[in-house]
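See structure below.
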Amino acid sequence: MQILFFILAAVALISGGLVVFQRHPLRSALWLIVNFFAIAGIYLLAHAEFIAAIQVIVYAGAIMVLFLFVIMLLNLRQPEESPAIPYIGQKFLGAVLAGFTALIMIYAYHRASLPAGREVLPGLGNTESIARSLFTDYLLPFEVTSVLLLVAIVGAVVLAKSKLK
Amino acid sequence: MAVPLSYYLALSVALFALGVIGVIIRRNAIVIFMSIEMMLNAVNLAFIGFADYFKAVDGQMFVFFVLTVAAAEVAVGLALIVAIFRNRGSIYVDDLNILRW
Numbered sequence: 001m002q003i004l005f006f007i008l009a010a011v012a013l014i015s016g017g018l019v020v021f022q023r024h025p026l027r028s029a030l031w032l033i034v035n036f037f038a039i040a041g042i043y044l045l046a047h048a049e050f051i052a053a054i055q056v057i058v059y060a061g062a063i064m065v066l067f068l069f070v071i072m073l074l075n076l077r078q079p080e081e082s083p084a085i086p087y088i089g090q091k092f093l094g095a096v097l098a099g100f101t102a103l104i105m106i107y108a109y110h111r112a113s114l115p116a117g118r119e120v121l122p123g124l125g126n127t128e129s130i131a132r133s134l135f136t137d138y139l140l141p142f143e144v145t146s147v148l149l150l151v152a153i154v155g156a157v158v159l160a161k162s163k164l165k
Numbered sequence: 166m167a168v169p170l171s172y173y174l175a176l177s178v179a180l181f182a183l184g185v186i187g188v189i190i191r192r193n194a195i196v197i198f199m200s201i202e203m204m205l206n207a208v209n210l211a212f213i214g215f216a217d218y219f220k221a222v223d224g225q226m227f228v229f230f231v232l233t234v235a236a237a238e239v240a241v242g243l244a245l246i247v248a249i250f251r252n253r254g255s256i257y258v259d260d261l262n263i264l265r266w
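Structure below.
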């Protein structure tokens, strides 16, 4: 199980690095799909089968299709050319900031004292317990989510419609 | 043998830092957007790790809502990118200085 975790984590990290450092946006998008699949595998290891399934369906399926569609629609076949100003300072500062963020998170983890994890699983299956929680404790956020999706649909249609006036 | 919580959190931190690097050093708005998606995924991974650790389903509920918000964000964000490309002919973020004076 841990071996599997390490393999999937290595795949996720390598593909994530390729997303960031690949010059071609199309290749970045394809590596991001690999990254999402590796993370879905890790969700399976963590007993989150339903989330793994919707990770593959929603992220690797719907969202990445949208990305690839827009990249091809905008016809960005040529790789990113180097900028007029090289932005060396900004790149250095960016790497420092990212490392600093990681350090803060590691420090916070070491400072935090976690209560011991529980041993017993609830008697229900994963999808069943999610459904029960979704329609009892989280009913209001669930309904608000549907309004959010409606707003997003209307917004996307208005923005993408012919000319902006 | 179960995977310890610290492994999930370490992978989450590493992916989040990669996403931060991507947002800062890339110029293509679509790649920046993909880096933001990767950061959202890193946070989801931390949630799932905690949900597994506490054997509670609430962490998975939060991942569910983050996924929904990410889907809405991608739809609106890509529509914005297409609109900007139509108006300005470029999606490199250093060409888009219309808010600067």
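Read top to bottom, the protein sequences are chains X and V. For the first sequence, this note's numbering begins at 1 and goes up steadily by one. For the second sequence, this note's numbering begins at 166 and goes up steadily by one. For each residue, glycine too, the CB sits at the ideal point set by N, CA and C.
A Cβ-Cβ separation of about 18 angstroms leaves residue 5 of chain X out of contact with residue 126 of chain X under the 8 angstroms criterion. Per DSSP, residue 161 of chain X lies in no alpha helix (DSSP H) segment and is marked neither H nor E. Between residue 199 of chain V and residue 180 of chain V, the C-beta spacing is not below 8 angstroms. Counting the other CB atoms within 10 Å of its CB gives residue 233 of chain V a total of 16 or more, which places it among the buried residues. Per DSSP, the continuous alpha helix (DSSP H) segment holding residue 73 of chain X begins and ends at 64-73.
At least 8 angstroms separates the CB of residue 113 of chain X from every CB of chain V. In this structure, residue 241 of chain V and residue 73 of chain X do not form a Cβ contact; the two beta carbons are roughly 16 angstroms apart against a cut-off of 8 angstroms.
Secondary structure at residue 262 of chain V: coil, using DSSP grouped into helix, strand and coil. The beta-carbon of residue 60 of chain X is placed no less than 8 angstroms from the nearest beta-carbon of chain V.
Between the alpha carbons of residue 47 of chain X and residue 192 of chain V lies a gap of roughly 38 angstroms. By a beta-carbon distance limit of 8 angstroms, residue 260 of chain V contacts residue 253 of chain V. Their separation comes to about 7 angstroms. If only uninterrupted alpha helix (DSSP H) runs of at least 4 residues are considered, those enclosed by the region 24-62 of chain X are 25-45, 49-54.
Legend: CB atoms of the region 30-63 of chain X lying less than 8 angstroms from CB atoms of chain V belong to residues 32, 35, 36, 39, 42, 43, 45, 46, 47, 48, 50, 51, 54, 55, 58, 59, 62, 63. Looking only at V:224, V:183, V:185, V:207, the smallest Cα-Cα distance to residue 129 of chain X is reached by V:224.
Of X:155, X:149, X:105, the smallest CA-CA separation from residue 171 of chain V is found for X:105.
Spanning the alpha carbons of residue 135 of chain X and residue 143 of chain X requires a straight line of approximately 10 angstroms. Rounded to the nearest angstrom, the Cβ distance from residue 236 of chain V to residue 62 of chain X is 7 angstroms, consistent with a contact under 8 angstroms. Taking 8 angstroms as the CB threshold, residue 107 of chain X stays off the interface with chain V. What residue 72 of chain X touches in chain V, judged by beta-carbon distance under 8 angstroms, is nothing: the nearest beta carbon there is about 11 angstroms away. Beta bridge pairing from DSSP links residue 257 of chain V with V:193. Fewer than three Cβ pairs drawn from the region 11-21 of chain X and the region 90-98 of chain X lie within less than 8 angstroms of each other, which leaves the two stretches out of contact.
The shortest CA-to-CA distance from residue 10 of chain X to any of X:109, X:21, X:153, X:34 is the one to X:34.
Scanning its chain for C-beta atoms nearer than 7 angstroms, with the 5 sequence neighbours on each side dropped, one finds around residue 205 of chain V the residues 231, 235, in chain order. In the three-state DSSP reduction, residue 113 of chain X falls in the coil class, being neither helix nor strand. Shown here for residue 71 of chain X: same chain residues with a beta carbon closer than 7 angstroms to its own, the five before and five after excluded, namely 25, 26, 29 in chain order.
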